[in-house]
Amino acid sequence: MRTKIEVREVQKSFPSDRGPLSVIGDVSLTVGDGEFVAIVGPSGCGKSTLLNLMAGFIPPDAGSVTVDGKVHSKPDQKGILISQQGSVFPWLTVRENLKFGLTADAPADRAQLADHYAAIVGLQGFEDSYPYELSGGMLKRVELARALVVKPEILYMDEPFSALDALMSLRVRNELLRILRTERHTVILVTHDVEEAIHLADRIHVLTARPTRIQTTFEVPFAHPRRLSSPEAQQLRIAILSELGVDLDERG
Amino acid sequence: MNRLKDLLPAVAVIAVLIGTWWLTVLGTHSLIFPTPWDVVTGTGQLIRDGSLWRHIGASLMRVGSGFGLAVCAAVPLGLWMGWVSAAYRMLNPLFQILRPISPIAWIPIAILWFGVGNASPIFLIFISSVFPMIVQTVVGVHTIEKRYLRAADNFGVSHRTLFLRVVIPAVLPQILVGMRIGLGVAWLVVVAAEMIALRSGLGYMIMDSRNAGNRYDLVVAGMIIIGLIGLALDGCMRLLERVPWVRWRYAH
Chain A
2 MRTKIEVREV QKSFPSDRGP LSVIGDVSLT VGDGEFVAIV GPSGCGKSTL
52 LNLMAGFIPP DAGSVTVDGK VHSKPDQKGI LISQQGSVFP WLTVRENLKF
102 GLTADAPADR AQLADHYAAI VGLQGFEDSY PYELSGGMLK RVELARALVV
152 KPEILYMDEP FSALDALMSL RVRNELLRIL RTERHTVILV THDVEEAIHL
202 ADRIHVLTAR PTRIQTTFEV PFAHPRRLSS PEAQQLRIAI LSELGVDLDE
252 RG
Chain B
20 MNRLKDLLPA VAVIAVLIGT WWLTVLGTHS LIFPTPWDVV TGTGQLIRDG
70 SLWRHIGASL MRVGSGFGLA VCAAVPLGLW MGWVSAAYRM LNPLFQILRP
120 ISPIAWIPIA ILWFGVGNAS PIFLIFISSV FPMIVQTVVG VHTIEKRYLR
170 AADNFGVSHR TLFLRVVIPA VLPQILVGMR IGLGVAWLVV VAAEMIALRS
220 GLGYMIMDSR NAGNRYDLVV AGMIIIGLIG LALDGCMRLL ERVPWVRWRY
270 AH
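Protein chains in written order, with the numbering used here: chain A, 2 to 253; chain B, 20 to 271.
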């Protein structure tokens, strides 16, 4: 598999009242083209910072992030970030949101593309709605469609489903997997939800507490569609949780 | 029906006030201070001879001109100061000094510069309403949520698109708040400005009624009309909160 993203010996600290706060200790990882990699870790460990570094929103203090062999120093349409709070523009309709990033195409094509992707995520009939008229799950779909419509090579997802209830989270995750079957994207998912990571990812990196490093890496060898209740999936879940300091074994 | 019930206490307070006023005037056998009925008949007289409409029209024209000019100046200036921090550092101290100067203090200078025609009150209205609108617009730009700017950054849109599709729509509700404040101040000031040396307007009407034979019924009628028109102007501004481009801000 061709290497898509390479993170090499990256370090990052932020100024604080008590001197510099080291957030990322030393992280190296590579992501192959078309791979789905999940990053899990204790809350506040710096996994969002790592994702922002990879997406080019913040520069590393040391080390480098390269995408397709080139140093990635600022965000661009090649990789779209989807964050926890979401950034669907509330003053634009669903269609206008989806058209937002389509700067190169002719106006007629933009509307058509926007409506096509609205349909892909199951939002047909809501193209003219404003975000405040939609539910949390629908907003997530708008966000996803707005990212997909510009044909990004990489999706950076920062706890994208954590604001949704369990059922809605599962639904949107299934939508994402369905879309990824037809459109090839490289995906980096930051999450605190181990089950979500097992559901979606090909590989899971477990991070340590701050200043963070990669503690362990798990391959997820299961074919899609995955049954999260299978003994193998449960075993993997227990193993990852125990890396995170949560012991479920004693339940028997 | 419910709205009527909500209004009842307010109407009751006003009714009690009018009743007290009436009884007091009757009880003290005042020769100058009018009863509420005198005010009603006085207003009727103003309506019949057409002078009321002429005065209202003159006041509204002055407010419209001064306030309109202020909007045209404040919105671009506020956007510029909000977006470019060098502009903010350069102009904000000056505006903070000019802002607390009462428009009344500008009257001698207005007369010196613009004489006693329409230009003086228009200038005073401009001076009084432009600063609150600048301040609100700047606050609006400064409080745009970073996640929206980041998303725009991520999609790599042009400066033009960034401004037209993100910055201006995001600030519009704040601009509207500024306009509401500005129009309120403008209406307050026009009446004061017209008391100085003009031949028309509600402020002139009040002073003229007193000077030409102690017609206090017309003085009080003028005051009540000023209050009602101010209320109506504010109501019109609030109607603007329902236009689709800003409704997202109020619909939650």
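Yeah, the Cβ is synthetic: ideal placement off N, Cα and C, and Gly gets one too.
This one's a predicted model, so the numbers in the text were calculated from it and none came from an experiment.
Q) Under the rule that 16 or more other beta-carbon atoms within 10 Å means buried, what is ALA270(B), buried or exposed? A) Looking at its Cβ environment, which holds fewer than 16 other Cβ atoms inside 10 Å, ALA270(B) is exposed.
Q. In chain B, which residues lie with their C-beta within 8 Å of the C-beta of VAL151(A)?
A. Within chain B, the residues near VAL151(A) are PHE174.
Q | Pair within 8 Å by beta-carbon distance, GLY241(B) and MET214(B) | A | It is not a contact, given that the beta carbons lie outside the stated cut-off.
Q.
Any heavy atom of the ligand ATP closer than 7 Å to the beta-carbon of GLY26(A)?
A. Judged by which ligands are present, the structure shown has none, so any question about the ligand ATP falls away.
**Q.** C-beta contact flag for PRO76(A) and VAL11(A) at 8 Å
**A.** Taking 8 Å as the cut-off, the Cβ atoms of PRO76(A) and VAL11(A) do not count as close.
(Q) Per the DSSP calculation, VAL207(A) is bridged to which residue(s)? (A) VAL41(A), THR217(A)
**Q.** For MET169(A) and LEU195(B), the rounded distance between their alpha carbons
**A.** 37 Å
Q | Identity of the residue in ASP106(A), GLN85(A), ARG111(A) nearest GLU97(A) by Cα | A | ARG111(A)
Q | Run of the beta strand (DSSP E) containing ILE6(A), from where it starts to where it stops | A | 4–17
(Q) For the alpha helix (DSSP H) containing ALA63(A), name the first residue and the last one. (A) Unbroken run through ALA63(A) is the beta strand (DSSP E), 63–68; no alpha helix (DSSP H).
Q. Which residues of chain B have a Cβ atom closer than 9 Å to the Cβ of PHE58(A), listed in chain order?
A. ARG169, ASP172, ASN173
Q) Looking at C-alpha atoms only, which residue of SER104(B), GLN115(B), PRO55(B), SER49(B) is the closest neighbour of ILE243(B)? A) PRO55(B)
Q. Quick check: the segment 144–160 of chain B against the segment 66–80 of chain A, are there 3 or more CB pairs under 8 Å?
A. no
Q: Starting from the beta carbon of ARG184(B), find every residue of chain A whose beta carbon is closer than 9 Å, and list them in chain order.
A: PHE90, TRP92, LEU93, GLU97, PHE101, listed in chain order.
Q) Skipping 5 residues on each side, what residues in its chain have a beta carbon closer than 6 Å to that of ASP273(B)? A) The shown model of chain B, from 20 to 271, leaves out residue 273(B), and the question about it has no answer.
Q | Continuous alpha helix (DSSP H) stretch holding SER23(A): start and end | A | Counting along the chain, SER23(A) falls outside any alpha helix (DSSP H), though it belongs to the beta strand (DSSP E) covering 20–33.
Q. Tell me the DSSP bridge mates of MET158(A)?
A. ILE83(A), LEU190(A)
Q) Using the beta-carbon count (16 or more within 10 Å), is MET2(A) buried or exposed? A) So MET2(A) counts as exposed.
Q: Whole angstroms is fine: what's the gap from LEU245(A)'s alpha carbon to ARG172(A)'s?
A: Between LEU245(A) and ARG172(A), the C-alpha separation is close to 26 Å.
Q: Report yes or no: is there a C-beta of chain E within less than 8 Å of the C-beta of THR43(B)?
A: Structure shown: chain E not included; protein chains present are A and B.
Q. So which residues of chain B does PRO108(A) contact, with C-beta pairs closer than 9 Å?
A. Those do not exist, as PRO108(A) stays about 13 Å from chain B at its closest Cβ, beyond 9 Å.
Q. Are the Cβ atoms of SER148(B) and GLY85(B) separated by less than 8 Å?
A. yes
Q | Same chain only: Cβ atoms within 6 Å of LEU65(B), ignoring 5 sequence neighbours per side | A | LEU71
Q. What's the call for HIS200(A), buried or exposed, on a 16-neighbour Cβ count within 10 Å?
A. buried
Q: Return no unless some Cβ of chain A is closer than 8 Å to the Cβ of VAL262(B).
A: For VAL262(B), the closest Cβ of chain A is not nearer than 8 Å.
Q. When you compare each of THR4(A), PRO232(A), ALA148(A), ILE59(A) to VAL38(A) by their alpha carbons, which one comes out closest?
A. THR4(A)
Q | Top-ranked residue by Cα proximity to ARG268(B), from LYS100(A), TRP92(A), GLU233(A), ASP34(A) | A | TRP92(A)
Q: Report the neighbours of GLN86(A) on chain B: residues whose CB is nearer than 7 Å to its CB, in chain order.
A: ARG166
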